Amino acid sequence: MNQNGQPRIGVFICHCGTNISNKVNVYDVAEFASKLDNVIVAKEYKFMCSDPGQELIKEQIKEHNLTRVVVASCSPLMHEPTFRGATSEGGVNPFFFQMANIREHVSWVTENPDAATKKAKALISAAVRRVALHDPLMKKEVPVRPEVLIVGGGIAGIHAALTYASSGKKVYLVEKESSIGGHMSMLDKTFPTLDCSACILTPKMSEVGKHPNIELLTWSEVEEISGFVGNFKVKIKKKARYVDVDKCNGCGDCWNNCPTTITPSERIIRKGDMIIKKIEKEH
Ligand SMILES: Cc1cc2nc3c(=O)[nH]c(=O)nc-3n(C[C@H](O)[C@H](O)[C@H](O)COP(=O)(O)OP(=O)(O)OC[C@H]3O[C@@H](n4cnc5c(N)ncnc54)[C@H](O)[C@@H]3O)c2cc1C
Ligand code: SF4
Ligand code: SF4
337 MNQNGQPRIG VFICHCGTNI SNKVNVYDVA EFASKLDNVI VAKEYKFMCS
387 DPGQELIKEQ IKEHNLTRVV VASCSPLMHE PTFRGATSEG GVNPFFFQMA
437 NIREHVSWVT ENPDAATKKA KALISAAVRR VALHDPLMKK EVPVRPEVLI
487 VGGGIAGIHA ALTYASSGKK VYLVEKESSI GGHMSMLDKT FPTLDCSACI
537 LTPKMSEVGK HPNIELLTWS EVEEISGFVG NFKVKIKKKA RYVDVDKCNG
587 CGDCWNNCPT TITPSERIIR KGDMIIKKIE KEH
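The sequence shown begins at 337 in our numbering and counts up one residue at a time.
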């Protein structure tokens with residue numbers, strides 16, 4: 337802030353070689369940005385993410401006593417951490433930083449150079465207004481619960497569970513049906529290799545069942561989720577199965593001799609060509 341409590345903003349516009357500058361008139365944009373409210377300095381540079389580009393930001397912060405930084409370049413996904421780092425090394429809170437994406441959102445998608453330059457100016461103008469309203473944020477470390485909850489035991493959930501579990505994380509795998517396997521368990525061969533589905537799936541299903549880091553909750557559904565990232569509380573409803581799972585050896589006799597046609601399955605069970613159980617579902 338200056339003595340009047342107004343932010344002192346620096347705007348840095350990247351050419352990205354010619355990726356931006358072949359559509360956006362970066363000199364015109366820098367001139368425009370330098371006249372925006374609270375902007376103390378506006379500079380363009382060939383490759384803003386390069387070491388000299390980052391040094392430029394740090395020098396300008398010191399030289400002009402800047403309190404906010406705007407970089408107009410590529411996607412924040414690509415370089416927001418880079419520029420937050422440069423802002424912080426320049427002595428400004430890294431969250432007093434705003435990025436305007438004038439590459440993916442402008443030069444790469446706009447044919448007309450005048451339209452591209454106009455849009456770049458609009459995005460930078462918005463970024464300058466926004467950064468003036470930022471609050472300083474502080475990073476802090478808090479304890480988190482690293483367990484993983486996976487909802488759905490199809491091939492995707494199974495594979496995710498095994499990957500997390502083998503990296504040492506405790507995994508809860510919740511499946512609403514009586515068995516994991518999902519759609520793949522209903523397929524004979526899988527496109528495009530025509531590999532046998534069961535040959536791929538069943539070893540993974542059995543690995544899930546045996547893995548010491550996986551707690552498998554079949555015939556169960558998530559009822560309630562509360563909390564926040566790193567500290568979730570999840571309520572899971574385990575539906576009645578009328579079977580002592582510790583004693584069941586999976587022989588299947590109960591299935592064949594079950595006196596009711598209402599079975600806990602969404603699937604038509606076939607033996608050869610004969611349908612032996614009608615599709616019904618009761619939860
Ligand atoms: C007829 C058919 C043929 C196909 N053929 C091929 C092929 O040849 N080759 C190929 O590569 N792919 C094929 N696919 C696609 C492939 O089967 C699917 O992409 C794959 O099985 C999807 O796996 P998934 O784990 O994402 O989902 P799913 O297999 O659908 O598994 C989702 C799991 O989540 C469970 N679930 C859902 N909601 C909840 C909830 N609220 N709580 C708890 N559990 C829940 C379900 O019961 C299920 O077990 C085919 C699909 C179909 C339908
Ligand atoms: S900051 Fe982004 S837009 Fe600029 S040179 Fe690096 S990658 Fe290209
Ligand atoms: S009959 Fe077989 S599959 Fe059914 S509950 Fe008893 S042991 Fe398990």
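Every residue, glycine too, gets a C-beta built ideally from N, C-alpha and C. All figures in this text were calculated on a predicted structure; none of them were measured in a lab.
(message) Quick check: what's the CA-CA separation for R466 versus I486?
(response) Indexing the sequence shown from 1 puts residue 466 at position 130. Indexing the sequence shown from 1 puts residue 486 at position 150. Taking the straight line joining both Cα atoms gives about 38 angstroms.
(message) Taking the straight line between their C-alpha atoms, what separation do you get for G427 and S461?
(response) Counting from one through the sequence shown, the residue named residue 427 turns up at place 91. Counting from one through the sequence shown, the residue named residue 461 turns up at place 125. Linking G427 to S461 through their CA atoms gives a straight-line distance of about 24 angstroms.
(request) Could you please give the first and the last residue of the uninterrupted alpha helix (DSSP H) stretch that includes A408? (result) Counted from its first residue, the sequence shown places residue 408 at position 72. Bounds of any alpha helix (DSSP H) do not take in A408; it lies within the beta strand (DSSP E) bounded by R404 to S409.
(request) Would you identify the three-state DSSP class for I615, choosing helix, strand or coil? (result) As a first step, residue 615 is located in the sequence shown; it is residue number 279 there, counting from the start. In this predicted model, I615 has a pLDDT of only 45, less than 50, meaning its place in the structure is not dependable enough to derive any value.
(request) Leaving out five residues on either side along the sequence, give the residues of the same chain with a beta carbon under 7 angstroms from the beta carbon of A456. (result) Numbered from its first residue, the sequence shown carries residue 456 at position 120. Around A456, the same chain offers V360, V365, A408, I438 and V442 as residues with beta carbons nearer than 7 angstroms, after the five sequence neighbours per side are excluded.
(message) Taking a contact to mean a Cβ-Cβ separation below 8 angstroms, would you say L523 touches S515 in this structure?
(response) Stepping through the sequence shown from its first residue, residue 523 is reached at position 187. Stepping through the sequence shown from its first residue, residue 515 is reached at position 179. For L523 and S515, no; Cβs fall outside 8 angstroms.
(message) Looking at the strands, I want to know which residues DSSP matches up with S514.
(response) Reading the sequence shown from its first residue, position 178 is the one you call residue 514. For S514, which the question treats as bridged, DSSP gives no partner whatsoever.
(request) Closer than 6 angstroms is what we want: which residues have a beta carbon that near any heavy atom of ligand 3? List them in chain order. (result) Residue list for ligand 3: V579, C584, N585, G586, C587, G588, D589 and C590 (CB closer than 6 angstroms to any heavy atom, chain order).
(request) Give the secondary structure of C590 by DSSP, where H, G and I count as helix, E and B as strand, and everything else as coil. (result) Taking the sequence shown and counting its residues from 1, one reaches residue 590 at position 254. The three-state reading of DSSP puts C590 in helix, counting H, G and I together.
(request) Consider the Cβ of A369: report whether some Cβ of chain D lies at a distance smaller than 8 angstroms. (result) No chain D appears in this structure, which consists of one protein chain only.
(message) Does the structure place the segment 478-493 close enough to the segment 507-521 that three or more beta carbon pairs sit under 8 angstroms?
(response) Because the criterion of three Cβ pairs below 8 angstroms is met, the segment 507-521 and the segment 478-493 touch.
(request) Keeping to the same chain, check which residues put their C-beta closer than 6 angstroms to that of V484; ignore five residues upstream and five downstream. (result) On the sequence shown, position 148 is the one that residue 484 refers to. Result list for V484: Y500, K505 and V507, in chain order.
(request) Would you give the residue range spanned by the alpha helix (DSSP H) that Y500 belongs to? (result) Translated into positions along the sequence shown, residue 500 becomes position 164. Run containing Y500: I491 to S502, per the alpha helix (DSSP H) assignment.
(request) Indicate the three-state DSSP secondary structure (helix, strand or coil) for R606 in the structure shown. (result) Against the sequence shown, residue 606 aligns to sequence position 270. Confidence in R606 is poor, its pLDDT being 45 and thus under 50, which makes the residue's placement too unreliable to answer from.
(message) Nearer than 7 angstroms: is that true of the beta carbon of F383 relative to any heavy atom of ligand 2?
(response) One-based indexing of the sequence shown puts residue 383 at position 47. Yes, the beta carbon of F383 sits closer than 7 angstroms to at least one heavy atom of ligand 2.
(request) Using the DSSP secondary-structure output, state which residues sit across from G346 in a beta bridge. (result) Against the sequence shown, residue 346 aligns to sequence position 10. In the DSSP output, where bridge partners are listed per residue, G346 has V377 and V405.
(message) Determine whether the beta carbon atoms of N567 and V464 lie at a separation below 8 angstroms.
(response) Counting from one through the sequence shown, the residue named residue 567 turns up at place 231. Counting from one through the sequence shown, the residue named residue 464 turns up at place 128. In this structure, V464 does not lie closer than 8 angstroms to N567 by Cβ.
(request) Could you tell me the distance, in whole angstroms, from the CA atom of G586 to the CA atom of F433? (result) Residue numbering aside, residue 586 sits at position 250 when the sequence shown is read from its first letter. Residue numbering aside, residue 433 sits at position 97 when the sequence shown is read from its first letter. Approximately 60 angstroms, taken between the alpha carbons.
(request) Kindly examine ligand 2 and report whether one of its heavy atoms sits closer than 7 angstroms to the Cβ of H415. (result) Along the sequence shown, one-based indexing puts residue 415 at 79. Yes, since a heavy atom of ligand 2 falls inside the 7 angstroms radius drawn around the Cβ of H415.
(message) DSSP three-state label for L372, please.
(response) Within the sequence shown, numbered from 1, the residue matching residue 372 stands at position 36. Looking at L372 - three-state DSSP - the assignment turns out to be coil, as it is neither helix nor strand.
(message) Measuring straight from C-alpha to C-alpha, what distance separates V478 and V570?
(response) Along the sequence shown, read from residue 1 onward, the residue named residue 478 stands at position 142. Along the sequence shown, read from residue 1 onward, the residue named residue 570 stands at position 234. The alpha-carbon atoms of V478 and V570 are separated by roughly 20 angstroms.
(request) Leaving aside the five residues before and after A452 along the sequence, list all residues of the same chain whose C-beta is less than 6 angstroms from its C-beta, in chain order. (result) The sequence position of residue 452 within the sequence shown is 116, counting from 1. For A452, where only same-chain residues beyond five positions count, the Cβ hits under 6 angstroms are K359, V360, V442, S443 and T446.
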